[in-house]
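**Q** According to our numbering, the sequence shown holds residues 3 to 183 in order.
Here a beta-carbon is modelled for each residue, glycine too, at the ideal position from N, C-alpha and C.
These numbers come from a predicted model, not from an experiment.
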Amino acid sequence: MREITIAERYAIALIEIATEKKNLDGLGQELNRVHKLFGQSAELSTIMTHPRVSVEARKKVISELMSRVTIGPTCQNFIKLLIDRKRIGLLSAIIEHYHHLVDVRLGRVRAEVISAAPLGDVEVNQLKATLSKHTGKEVIIERRVDEHLIGGVITRVDGKVIDGSLRARLNGLEDRLRAAL
3 MREITIAERY AIALIEIATE KKNLDGLGQE LNRVHKLFGQ SAELSTIMTH
53 PRVSVEARKK VISELMSRVT IGPTCQNFIK LLIDRKRIGL LSAIIEHYHH
103 LVDVRLGRVR AEVISAAPLG DVEVNQLKAT LSKHTGKEVI IERRVDEHLI
153 GGVITRVDGK VIDGSLRARL NGLEDRLRAA L
């Protein structure tokens with residue numbers, strides 16, 4: 003079975019559990035914290051996927067780590083299940099599918115906003131309102147700074163890219179000038 007299909011099935015199962023417990027966003031936040039733990043430590047990822055490390059040793063390590071961050075029993079049991087079934091390597095894909103399915107269920111969409119400098123709250127709220135108006139959905143903005151941008155913003159939302167960067171504007175101006183000559 004393809005890994006994407008497996009990740010989707012686990013995500014769907016998690017959604018069902020979280021829906022029963024009325025904790026869709028809470029479980030998503032816990033999954034993000036676990037994912038962050040893995041992202042901060044290459045050693046942890048190696049321990050969790052190395053064939054010579056026993057399942058029990060993996061569970062012991064993950065239990066110790068999860069006791070240090072706020073992770074509820076549902077999330078802890080899910081991570082241990084992934085370890086038991088040797089699917090912990092799919093954690094990133096499962097979390098990605100989980101968030102996508104929750105967003106669809108709750109009628110919202112995520113937008114990645116890339117800017118040359120950090121955006122202020124007023125700018126983010128204006129952008130959020132504009133994107134909500136165009137998509138008809140609640141918009142969750144994920145910010146990223148790219149020092150290579152001269153100015154402006156690039157927004158990715160709902161499979162579309164809106165390039166409002168200064169570089170794109172200058173390229174457009176250059177194209178119009180060449181066409182006029």
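Return yes when the Cβ of residue 166 is within less than 7 Å of the Cβ of residue 155, no when it is not.
**A** What you label residue 155 is simply residue 153 of the sequence shown in a count that begins at 1. What you label residue 166 is simply residue 164 of the sequence shown in a count that begins at 1. Cβ distance < 7 Å, so residue 155 and residue 166 count as in contact.
**Q** Quick check: what's the CA-CA separation for residue 144 versus residue 130?
**A** For the purposes of this step, residue 144 is taken as the residue at position 142 of the sequence shown. For the purposes of this step, residue 130 is taken as the residue at position 128 of the sequence shown. If you take the alpha carbons of residue 144 and residue 130, they lie about 11 Å apart.
**Q** Assuming contact is defined by CB atoms lying nearer than 7 Å, are residue 13 and residue 83 in contact in what I supplied?
**A** The residue labelled residue 13 in the question sits at position 11 within the sequence shown. The residue labelled residue 83 in the question sits at position 81 within the sequence shown. No, Cβ-Cβ distance for residue 13 and residue 83 is not below 7 Å.
**Q** What's the C-alpha gap between residue 110 and residue 23?
**A** The residue you call residue 110 lines up with position 108 of the sequence shown. The residue you call residue 23 lines up with position 21 of the sequence shown. Rounded to the nearest angstrom, the two C-alpha atoms are 20 Å apart.
**Q** CB of residue 110 to nearest heavy atom of the ligand NAP: below 6 Å?
**A** What this structure holds is no ligand at all, so the ligand NAP is not there to describe.
**Q** Compare the Cα-Cα distances from residue 89 to each of 182, 177, 9, 178 and report the closest residue.
**A** In the sequence shown, residue 89 corresponds to position 87, counting from 1. Residue 89 has its Cα closest to that of 9, out of 182, 177, 9, 178.
**Q** State the DSSP-derived secondary structure class of residue 154, mapped to helix, strand or coil.
**A** Position 152 of the sequence shown, counting from 1, holds the residue named residue 154. Strand.
**Q** For residue 165, which of helix, strand or coil comes out of DSSP?
**A** As a working note, residue 165 is residue 163 in the sequence shown. Strand at residue 165.
**Q** For the beta strand (DSSP E) containing residue 89, name the first residue and the last one.
**A** Position 87 of the sequence shown holds residue 89. Where residue 89 is concerned, there is no enclosing beta strand (DSSP E), given that its DSSP letter is neither H nor E.
**Q** Using a Cβ-Cβ cut-off of 7 Å (strictly less than) and excluding sequence neighbours within five positions of residue 16, which residues of its own chain qualify?
**A** The count along the sequence shown starts at 1 and reaches residue 16 at position 14. Hits under 7 Å: 29, 80, 100.
**Q** Can you give me the C-alpha to C-alpha distance between residue 76 and residue 97, rounded to a whole angstrom?
**A** For the purposes of this step, residue 76 is identified with residue 74 of the sequence shown, where counting begins at 1. For the purposes of this step, residue 97 is identified with residue 95 of the sequence shown, where counting begins at 1. Near 14 Å, if we compare the C-alpha coordinates of residue 97 and residue 76.
**Q** Sort 149, 122, 112, 147 by Cα distance to residue 138 and report the nearest one.
**A** Here residue 138 corresponds to residue number 136 of the sequence shown, with the count starting at 1. Of the listed residues, the one whose Cα sits closest to residue 138 is 112.
**Q** Please state whether DSSP places residue 171 in a helix, a strand or coil.
**A** The sequence position of residue 171 within the sequence shown is 169, counting from 1. Residue 171: helix per DSSP, three-state reduction.
**Q** With the cut-off set at 7 Å, would you say residue 55 and residue 49 are in Cβ contact?
**A** Residue numbering aside, residue 55 sits at position 53 when the sequence shown is read from its first letter. Residue numbering aside, residue 49 sits at position 47 when the sequence shown is read from its first letter. Contact: yes.
**Q** Have a look at residue 1 and residue 180 and give me their C-alpha separation to the nearest angstrom.
**A** The question about residue 1 has no answer, for the chain in this structure spans 3 to 183.
**Q** Quick check on DSSP: helix, strand or coil for residue 115?
**A** Within the sequence shown, numbered from 1, the residue matching residue 115 stands at position 113. Residue 115 falls in the strand class under three-state DSSP.
**Q** Is the CB-CB distance between residue 60 and residue 19 below 7 Å?
**A** Along the sequence shown, one-based indexing puts residue 60 at 58. Along the sequence shown, one-based indexing puts residue 19 at 17. In this structure, residue 19 does not lie closer than 7 Å to residue 60 by Cβ.
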